[in-house]
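Chemist:
Chains as they are written, first to last, in the numbering used here: chain Z, 333 to 539; chain W, 2 to 50.
1. Which residue wins for smallest C-alpha separation from residue 464 of chain Z, given the options Z/404, Z/500, Z/437, Z/445?
2. For the candidate residues W/26, W/24, W/5, whose alpha-carbon lies nearest to that of residue 91 of chain W?
3. How would you list, in chain order, the residues of chain W whose beta-carbon sits under 7 Å from the beta-carbon of residue 469 of chain Z?
4. For residue 19 of chain W, which three-state DSSP category applies?
5. Alpha carbon to alpha carbon, how far is residue 442 of chain Z from residue 456 of chain Z? Give it in angstroms, no decimals.
6. Name, please, each residue of chain Z whose Cβ falls closer than 9 Å to the Cβ of residue 46 of chain W.
7. Using only alpha-carbon positions, find the residue among Z/434, Z/433, Z/396 that is nearest to residue 426 of chain Z.
8. Can the beta-carbon of residue 470 of chain Z be found less than 9 Å from the beta-carbon of residue 489 of chain Z?
9. Considering residue 63 of chain W, what are the terminal residues of the beta strand (DSSP E) in which it resides?
10. So, does the CB of residue 8 of chain W fall closer than 9 Å to a CB anywhere in chain Z?
11. Over the uninterrupted alpha helix (DSSP H) stretch that includes residue 499 of chain Z, give me the two end residues.
12. Using a Cβ-Cβ distance cut-off of 9 Å, determine whether residue 423 of chain Z contacts chain W.
13. In whole angstroms, what is the alpha-carbon distance linking residue 28 of chain W and residue 496 of chain Z?
14. Using a 10 Å radius around the Cβ and a threshold of 16 neighbouring Cβ atoms, would you call residue 480 of chain Z buried or exposed?
15. Answer yes or no: does any C-beta atom of chain W fall closer than 9 Å to that of residue 522 of chain Z?
16. Indicate the three-state DSSP secondary structure (helix, strand or coil) for residue 46 of chain W in the structure shown.
17. Output needed in chain order: residues of the segment 407-422 of chain Z with a Cβ under 7 Å from some Cβ in chain W.
Structure representation (structure tokens):
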């Protein structure tokens with residue numbers, strides 16, 4: 333590797349660390365102060381906009397609904413069946429995990445994954461308050477701490493765009509899914525290459 | 002994202018734009034529009050064999 337390549341890699345790593353910190357801070361802020369103002373719509377208003385069923389939002393713990401920060405509704409196409417094992421990538425305050433757990437029932441299993449251990453504990457508490465179990469794993473979506481072929485369905489909501497290594501994330505999803513397994517994910521995409529000033533702005537990554 | 006899913010080996014990759022998605026702040030909305038930023042629902046399947 334050339335000196336400039338090493339330097340570029342170091343800069344990239346440093347920027348990635350800064351962005352990771354900003355993402356953690358932003359989503360913890362949404363969870364702890366859902367009444368705040370953010371770049372994105374969140375909470376019940378956003379969930380209703382994306383077609384979440386009112387019954388789900390009435391049944392789920394208010395804290396899980398208020399902290400919802402998704403960009404769409406992965407449940408529209410997830411076709412979850414009783415007994416299935418689900419991974420909620422970037423489970424946040426747990427609303428999508430809870431809805432998935434209701435669908436797969438007591439013979440199914442829902443696992444969350446979140447970078448933030450505080451969010452993991454919050455999601456598990458919200459799930460328990462909903463009468464369902466979900467186990468949240470603290471970890472990075474680029475290195476999912478699950479065995480190969482262990483999941484029937486992956487759901488995710490507005491999370492993969494936060495990764496610097498999206499190709500790696502997608503390969504991880506392929507690895508953890510069982511043969512025939514499926515994914516239903518909502519995310520932000522751009523039609524044009526973003527400018528360097530946007531790519532280098534941690535606050536915009538976290539928005 | 003569509004290409005990444007296909008490259009990884011997923012089949013039956015489908016995408017549909019999420020209606021109603023928008024950023025809350027006008028300045029972010031303007032930038033998002035300039036870059037064609039959208040929310041999209043993707044579905045895909047890992048081959049059975």
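Built from N, CA and C at the ideal position, the CB exists for glycine as well.
Values in this document were obtained by computation on a predicted structure and should not be read as measured data.
Modeler: Quick answer:
1. For the purposes of this step, residue 464 of chain Z is taken as the residue at position 132 of the first chain. Of the listed residues, the one whose Cα sits closest to residue 464 of chain Z is Z/437.
2. Since the first residue of chain W shown is 2 and the last is 50, residue 91 of chain W is not available in this structure.
3. In the first chain, the residue the question calls residue 469 of chain Z occupies position 137. Within chain W, no residue has its beta carbon less than 7 Å from that of residue 469 of chain Z; the closest one is some 20 Å off.
4. Residue 19 of chain W sits at position 18 when you count from the first residue of the second chain. DSSP, reduced to helix, strand and coil, places residue 19 of chain W outside both helices and strands of the structure shown, so it counts as coil.
5. Here the question's residue 456 of chain Z lines up with position 124 in the first chain. Here the question's residue 442 of chain Z lines up with position 110 in the first chain. Cα atoms of residue 456 of chain Z and residue 442 of chain Z: separation of roughly 11 Å, rounded to the nearest angstrom.
6. Counting from 1 along the second chain, the entry for residue 46 of chain W is found at position 45. Per Cβ cutoff of 9 Å: 509, 512, 513, 514, 515.
7. The sequence position of residue 426 of chain Z within the first chain is 94, counting from 1. Looking only at Z/434, Z/433, Z/396, the smallest Cα-Cα distance to residue 426 of chain Z is reached by Z/396.
8. To locate residue 470 of chain Z, count along the first chain from 1; it is residue 138. To locate residue 489 of chain Z, count along the first chain from 1; it is residue 157. Note that the C-beta distance between residue 470 of chain Z and residue 489 of chain Z is not below 9 Å.
9. Outside the shown range of chain W (2 to 50) lies residue 63 of chain W, about which nothing can therefore be said.
10. Along the second chain, one-based indexing puts residue 8 of chain W at 7. It does; some Cβ of chain Z falls within 9 Å.
11. Translated into positions along the first chain, residue 499 of chain Z becomes position 167. Run containing residue 499 of chain Z: 498-508, per the alpha helix (DSSP H) assignment.
12. Mapped onto the first chain, residue 423 of chain Z falls at position 91. By this cut-off, residue 423 of chain Z is not an interface position.
13. Along the second chain, one-based indexing puts residue 28 of chain W at 27. Along the first chain, one-based indexing puts residue 496 of chain Z at 164. Cα to Cα, the separation comes out at about 24 Å.
14. As a first step, residue 480 of chain Z must be located in the first chain, where it is residue number 148. Residue 480 of chain Z is exposed by the Cβ-count criterion.
15. Within the first chain, residue 522 of chain Z is the residue found at index 190, counting from 1. Yes, because at least one Cβ of chain W sits closer than 9 Å to the Cβ of residue 522 of chain Z.
16. Against the second chain, residue 46 of chain W aligns to sequence position 45. If DSSP states are grouped into helix, strand and coil, residue 46 of chain W belongs with the strands.
17. Taking 7 Å as the upper bound on Cβ-Cβ separation, chain W lies near residues 408, 409 of the segment 407-422 of chain Z.
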